[in-house]
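Read the structure below first, then the notes.
There are 2 protein chains.
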Amino acid sequence: MKSLSDQRISREEVRGGVRIVPLGGMGTVTRNMFVYETDSQILLVDCGIGFPEYAAYGIDILLPDISYLEDKREKIVGMLLTHGHDDHIAGLPYILPQLPPFPIYTSKLTGGFVLDRCKDFEVAVDIRELPDGEFRVGEFAILPIKVTHSIPDGRHFVIAANGSTIYHGADFKFDSQPVDGVRSDLDRIRQAGEKGVTLLLSDCLRAERKGTSASESRIRATLEREIKTARGKFIVTVMSSNIHRIQQAIDVMEADGRTVAFLGRSIEQNVVTAARLGFLRLPKQIVNKRKIGKIPAKKLGVVIAGSQGQEGSSLVRASVEEHELIEIKPEDKVVFSTEPIPGRELDVNRAIDNIARLGADLAYSDADDEMHVSGHASAEEIKELIRLSRPRFLAPIGGSFRHMRRFWMLAAELGYQPDQVFLWENGQTLVVKGNEVTWGKEVKLAEVAVDGLGIGDVGAVVLADRKRMAENGIVEILILVDAKRRQVIGEPEVVTRGLVYVKQSKALLKLIAEETKRGLPRAVTNEQWGKVKSGLEKRIADFIYTEIQREPLILPVIRQV
Amino acid sequence: MKSLSDQRISREEVRGGVRIVPLGGMGTVTRNMFVYETDSQILLVDCGIGFPEYAAYGIDILLPDISYLEDKREKIVGMLLTHGHDDHIAGLPYILPQLPPFPIYTSKLTGGFVLDRCKDFEVAVDIRELPDGEFRVGEFAILPIKVTHSIPDGRHFVIAANGSTIYHGADFKFDSQPVDGVRSDLDRIRQAGEKGVTLLLSDCLRAERKGTSASESRIRATLEREIKTARGKFIVTVMSSNIHRIQQAIDVMEADGRTVAFLGRSIEQNVVTAARLGFLRLPKQIVNKRKIGKIPAKKLGVVIAGSQGQEGSSLVRASVEEHELIEIKPEDKVVFSTEPIPGRELDVNRAIDNIARLGADLAYSDADDEMHVSGHASAEEIKELIRLSRPRFLAPIGGSFRHMRRFWMLAAELGYQPDQVFLWENGQTLVVKGNEVTWGKEVKLAEVAVDGLGIGDVGAVVLADRKRMAENGIVEILILVDAKRRQVIGEPEVVTRGLVYVKQSKALLKLIAEETKRGLPRAVTNEQWGKVKSGLEKRIADFIYTEIQREPLILPVIRQV
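Protein sequence lines correspond, in order, to chains A and B. The first sequence maps to residues 1 to 561 in the numbering used here. The second sequence maps to residues 562 to 1122 in the numbering used here.
Structure representation (structure tokens):
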């Protein structure tokens, strides 16, 4: 395992090689975006969004930091997209307007999803359908390889340039019985391996799990079992991009003689696109969501969005009886055909609790291991990818550090030496040159947050202030100063928000005002007010901490009159 | 299942019965506190704290709301404690000072933990050791029953008064091979059942899981397996109250020839108390934590606090190389002998990631199902409790609504009718009278939060303000008014925190100041300033939302000069 402390190489050493720069940062799982860079050209791979952890402080989503590309915009010759998940494509509407136009090569379904996303944002995008065989983008020779995942039509890419070959193995599993019958193209991986792969970048998210991940098609039996005991509506919630899961829900509902409805913007949009492009067979009996009420409960199947308990989603609104089109009743059955993403457990649990309150029958992964299968490769599948692609060097992607470490252990089981596996941290880059891989120079990556309409205008300072106010409130102290006499006028005025009940705080506010006065000099020159202000901030912070052990943001405002 | 809509009974109907009032609210799992009330006396059961969900806004802990007891303080004859977990005892230091003194009956170990907690807070507590057999507290006849759980020395209580018998079955499992050999007293439960139980209150937290929960003693084999491959220090993190888990870790370390160290205040305190009271056998070779460095890594075992990734815990500090006494090195092995509590997954994952970065070997529940066993009864154990206690009515406790609903399904499997099972919501009470149970009148329960030194002074309004500031920041607008002329002086001054970068916001602040001026009347009477202020709040809020789609807290301050 190569660590941060290894020596960095200078810019000159890259010449004739390929530099790989992850712009989403490593260890974050989401907001995937990779730069493949030669001396004269850049090929991008993926452009996803990330999701903030629970102390979100108003941040909606996170983006890859493209400042590395700033002085290299003209080098970009194109982009490849591996598959249609948001953490691989949903950054496009935000990022594309910041870059010059370039062609984006991807599979049919992924392209469809990208067009949907960009249409929502009214952003132009140049989507080119991926050839089946090898093709060139500038000086990069690219071989797409079909792989299975929890969304159809995914690809790995073998990328060759400057005499080096890199296998870009984003999210995958080797599903031996995929719902659409399209298996991962193991032969092509083997051929690439025989031809020679310098570096394998591989999904490692599920490296902790032994054996192989179960086939997606196993879910059908679970849904068939559940529908048998559904006395009223059969309601299934799934990730909206999991087209094969939706297919199986539809099939099971149809076989049970039910009319099918789709609820939730993301599911409705994805179903239309996937069906139009031939990736979803719609059932014969579909009902418009506005007419759900006209179908007898026992004859209705509903595929609904909100499987992660997302605020405002169709399922969450229905769970608190606030959905205008669907009512969950005691005879209905609600199936969570999903598993909570780490960090979303409480939201999912809350939705389940609320549905339990409505008296409906429930099935979910906490109570039943067969509710969900992962879309990621377990240990044996990862080892299979390594065996087939026979890389000289390896670097795990798409997982956090503990997953990368497990990946490293799997490589060790196959005989790889520690210095053949690169576990990269945020900002680290790799340089592939001939048959060697070394650490490249580090790049600085910032957190780029989207909040409301602003991209990147909510930085570390703003978030620190929000955190402080979130946990302790704010104390604002207004001081009027006679500009001529340089003296304070009257009493300081103290206003608080989020500190304590105003009723209970009157005495405290008075004490703060008195402490402020004690901290104010009789007369000062104009230049000194800044110093007075910061002294006051500290004095009042200490005073409040002593009084009530809280640390609100202190905001003195000195106004000259 | 009896629902909220069932008719309530009037106060008169309680006469001669027992009212059961949960003060911690139902469906919250934590902050357990129950009132057993006859016409003239009150017996309390448990007094725990709760933990806020992830949008904590500075709240440290939650307490049961004891306002129901306000006009009944003199009726309290005593309290029972079921076991020593914080969600059953840690409210005592906060609640006891608010109530008249009364005796608290509990087992030896629970009493020891209570004394530790109260000593920390310098709060007096009248702990009485529980007799083995039946005893009386006022008009309540109480029979304690030993049960196993993830902390030793727990009890169920059969509480009889006014001709009704209630089985209070808090957190338990039926461990057939407990580490200390002290099994749950099934005979006594059976005898209570034969004598007649009107109402069973039963733990339902793990009602979703089939079969029976594995024995705690199974963990020994897991630890033995893990220690075999520990090349350096063997570091085990556990819940600090899980004395039997600690015992097994100690035993395995000792058998491997290691000297044992304890790290973390909660673990150190609990180990001392449990050992003193005879619930923990200390190993022969113990090392003071300050001398850990003197023991060769291969000869050292460490039991460390922080298994839930708690900020500031020993393990978390060690994971980022900030612990003054211990350093985690690549040859060490760190075992998380625990499972994340729902809502703490990201904290636990972060700690694991950071330890992976240090290069240490890791074992944890996500990668190995044998790392943890639950302390709660699975479906078959719950059914066993019901079968043995043979209650006429049932009410699940200690779980959220989805668990209660599963409990209801288990009761149905045993032939109970829906109207024999009470699923209660926050504020609902039960009245047991003779051989009948009905809904009692509802009580109002508030969220009582502890923040810094204040108890209950952070209410809904304060938290709403904090949330607003957390997600959107604050905009403060200062307006000076000439008191005599009733006119605004000069320009409004706009200050923001947590909104956007100050550098980027200069233009915005100017626009807000201008919009403020447009919203100000030329002259107003004193009485009108309040109206001006609220009008301004709305105007500026709308303006900012239109400009940048954010909703900061708007705080206009009008100062008369």
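We treat Cβ as the ideally placed atom computed from N, Cα and C, and that holds for glycine.
From the DSSP secondary-structure annotation, give me the bridge partner or partners of residue 494 of chain A.
As a working mapping, residue 494 of chain A is identified with position 494 in the first sequence. Secondary-structure assignment with DSSP links residue 494 of chain A through a beta bridge to A/477.
Compare the Cα-Cα distances from residue 812 of chain B to each of B/864, B/791 and B/732 and report the closest residue.
As a first step, residue 812 of chain B must be located in the second sequence, where it is residue number 251. Ranking B/864, B/791 and B/732 by Cα distance to residue 812 of chain B puts B/864 first.
Start and end of the alpha helix (DSSP H) containing residue 461 of chain A?
Counting from one through the first sequence, the residue named residue 461 of chain A turns up at place 461. It spans 460–472 - the alpha helix (DSSP H) in which residue 461 of chain A sits, taken as one unbroken run.
Using a C-beta to C-beta distance shorter than 9 Å, which residues of chain B count as neighbours of residue 321 of chain A?
Taking the first sequence and counting its residues from 1, one reaches residue 321 of chain A at position 321. Ordered by position in chain B, no residue passes the 9 Å Cβ test against residue 321 of chain A, which lies about 13 Å from the chain.
The beta strand (DSSP E) that contains residue 595 of chain B, what's its start and end?
Locating residue 595 of chain B in the second sequence gives position 34, where the first residue counts as 1. First-last of the beta strand (DSSP E) with residue 595 of chain B: 595–598.
Sequence-distant residues of its chain with Cβ nearer than 6 Å to residue 499 of chain A (five each side left out)
Here residue 499 of chain A refers to the residue found at position 499 when the first sequence is read from its first residue. Excluding positions up to five away in sequence, the list reads 473 and 552.
At a Cβ threshold of 8 Å, is residue 113 of chain A touching chain B?
Mapped onto the first sequence, residue 113 of chain A falls at position 113. No, residue 113 of chain A does not count as interfacial toward chain B.
Return helix, strand or coil for residue 985 of chain B, following the three-state DSSP convention.
Here the question's residue 985 of chain B lines up with position 424 in the second sequence. Looking at residue 985 of chain B - three-state DSSP - the assignment turns out to be coil, as it is neither helix nor strand.
Sequence-distant residues of the same chain with beta carbon closer than 6 Å to residue 821 of chain B, five excluded per side
Position 260 of the second sequence, counting from 1, holds the residue named residue 821 of chain B. Answer for residue 821 of chain B: 811, 814, 844, 847 and 862, listed in chain order.
Rounded to a whole number of angstroms, what is the C-alpha to C-alpha distance between residue 876 of chain B and residue 909 of chain B?
Residue mapping note: residue 876 of chain B aligns to position 315 of the second sequence, counting from 1. Residue mapping note: residue 909 of chain B aligns to position 348 of the second sequence, counting from 1. Note on geometry: alpha-carbon atoms of residue 876 of chain B and residue 909 of chain B lie some 10 Å from one another.
Name the residues in the stretch 904–920 of chain B whose C-beta lies less than 7 Å from a C-beta of chain A; which are they?
Correct list: 904, 906, 907, 910, 913, 914, 917 and 918.
Does the structure place the stretch 723–739 of chain B close enough to the stretch 931–951 of chain B that three or more beta carbon pairs sit under 8 Å?
Result yes; three or more Cβ-Cβ pairs closer than 8 Å.
Any contact of the stretch 385–402 of chain A with the stretch 24–32 of chain A, i.e. 3+ C-beta pairs under 8 Å?
Touching, per the Cβ criterion.
Measure the alpha-carbon distance for residue 213 of chain A versus residue 768 of chain B and round it to whole angstroms.
Taking the first sequence and counting its residues from 1, one reaches residue 213 of chain A at position 213. Taking the second sequence and counting its residues from 1, one reaches residue 768 of chain B at position 207. Straight-line Cα distance between these residues: approximately 27 Å.
Hey, is residue 400 of chain A's beta-carbon within less than 8 Å of any beta-carbon in chain B?
Here the question's residue 400 of chain A lines up with position 400 in the first sequence. By this cut-off, residue 400 of chain A is an interface position.
Any contact of the stretch 1114–1121 of chain B with the stretch 1089–1103 of chain B, i.e. 3+ C-beta pairs under 8 Å?
The answer is yes - the stretch 1089–1103 of chain B touches the stretch 1114–1121 of chain B, with three or more Cβ pairs under 8 Å.
Between residue 707 of chain B and residue 838 of chain B, which are expected to be in contact by the criterion C-beta below 8 Å, what is the C-beta distance as a whole number of angstroms?
The residue given as residue 707 of chain B occupies position 146 in the second sequence. The residue given as residue 838 of chain B occupies position 277 in the second sequence. Going by Cβ atoms, the distance from residue 707 of chain B to residue 838 of chain B rounds to 15 Å, so no, they are not a contact pair.
Can a CB atom of chain B be found closer than 8 Å to the CB of residue 446 of chain A?
Reading the first sequence from its first residue, position 446 is the one you call residue 446 of chain A. Answer no: the Cβ-Cβ gap between residue 446 of chain A and chain B never drops below 8 Å.
Determine the burial state of residue 549 of chain A: buried for a count of at least 16 other Cβ atoms within 10 Å of its Cβ, exposed for fewer.
Residue 549 of chain A sits at position 549 when you count from the first residue of the first sequence. Looking at its Cβ environment, which holds fewer than 16 other Cβ atoms inside 10 Å, residue 549 of chain A is exposed.
Can you list the residues of chain A that residue 1118 of chain B reaches, using a CB-CB cut of under 9 Å?
Here residue 1118 of chain B corresponds to residue number 557 of the second sequence, with the count starting at 1. Residues of chain A passing the Cβ test: 476, 478, 493, 495 and 557.
Cutoff 8 Å: residue 927 of chain B Cβ touching any chain A Cβ
Residue numbering aside, residue 927 of chain B sits at position 366 when the second sequence is read from its first letter. Chain A contact via Cβ: present.
Given a cut-off of 8 Å on the beta-carbon distance, is the pair residue 233 of chain A and residue 297 of chain A in contact?
Here residue 233 of chain A refers to the residue found at position 233 when the first sequence is read from its first residue. Here residue 297 of chain A refers to the residue found at position 297 when the first sequence is read from its first residue. Result yes, Cβ atoms of residue 233 of chain A and residue 297 of chain A sit closer than 8 Å.
Going by C-alpha distance, which of A/291, A/425 and A/186 is nearest residue 21 of chain A?
Translated into the one-based positions of the first sequence, residue 21 of chain A becomes position 21. Out of A/291, A/425 and A/186, A/425 has the C-alpha closest to the C-alpha of residue 21 of chain A.
Backbone secondary structure at residue 550 of chain A - three-state DSSP
By one-based count along the first sequence, residue 550 of chain A stands at place 550. Taken through DSSP and simplified to helix, strand or coil, residue 550 of chain A comes out as coil.
Taking C-beta to C-beta, are residue 76 of chain A and residue 92 of chain A nearer than 8 Å?
As a working mapping, residue 76 of chain A is identified with position 76 in the first sequence. As a working mapping, residue 92 of chain A is identified with position 92 in the first sequence. Taking 8 Å as the Cβ cut-off, residue 76 of chain A and residue 92 of chain A do not qualify as a contacting pair.
DSSP state of residue 965 of chain B, grouped into three classes?
As a first step, residue 965 of chain B must be located in the second sequence, where it is residue number 404. Under the three-state reduction of DSSP, residue 965 of chain B is assigned to helix.
Tell me whether residue 735 of chain B sits in a helix, a strand or coil according to DSSP, three-state version.
For this step, residue 735 of chain B is matched to residue 174 along the second sequence. The three-state secondary structure of residue 735 of chain B, taken from DSSP, is coil.
Judging by CA-CA distance, which residue of B/686, B/623, B/678 and B/620 is the nearest neighbour of residue 640 of chain B?
Here residue 640 of chain B is taken as the residue at index 79 of the second sequence, counted from 1. Selection B/686, B/623, B/678 and B/620 evaluated against residue 640 of chain B yields B/686 as nearest (Cα-Cα).
Let me check understanding here. Comparing Cα to Cα, which of B/1121, B/704 and B/978 lies closest to residue 748 of chain B?
Here residue 748 of chain B refers to the residue found at position 187 of the second sequence. Minimum Cα distance to residue 748 of chain B is reached at B/704.
So, helix, strand or coil for residue 50 of chain A, using DSSP?
As a position in the first sequence, residue 50 of chain A is number 50, starting the count at 1. Strand at residue 50 of chain A.
List the DSSP bridge partners of residue 690 of chain B.
For the purposes of this step, residue 690 of chain B is identified with residue 129 of the second sequence, where counting begins at 1. Per DSSP, the beta bridge partners of residue 690 of chain B are B/667.
Which stretch, first to last residue, makes up the alpha helix (DSSP H) that contains residue 94 of chain A?
Taking the first residue of the first sequence as 1, we reach residue 94 of chain A at position 94. Segment 92–95, the alpha helix (DSSP H) holding residue 94 of chain A.
So, for residue 33 of chain A: in the same chain, excluding its five sequence neighbours on each side, which residues have a beta-carbon less than 6 Å away from its beta-carbon?
On the first sequence, residue 33 of chain A is found 33 positions in, with the first residue counted as 1. The answer, listed in chain order, is 23, 24, 46, 47 and 64.
Residue 725 of chain B and residue 994 of chain B - do their beta-carbons sit closer together than 8 Å?
Residue 994 of chain B sits at position 433 when you count from the first residue of the second sequence. Residue 725 of chain B sits at position 164 when you count from the first residue of the second sequence. Their beta carbons are under 8 Å apart, which means residue 994 of chain B touches residue 725 of chain B by this criterion.
Could you say which of A/59, A/544 and A/42 lies nearest to residue 459 of chain A if we only look at CA atoms?
In the first sequence, the residue the question calls residue 459 of chain A occupies position 459. Nearest C-alpha to residue 459 of chain A: A/59.
Taking residue 57 of chain A as the query, report the chain B residues whose CB atoms sit under 7 Å from its CB, ordered along the chain.
Numbered from 1 along the first sequence, position 57 holds the residue referred to as residue 57 of chain A. Those within 7 Å of residue 57 of chain A in chain B are 1031 and 1032.
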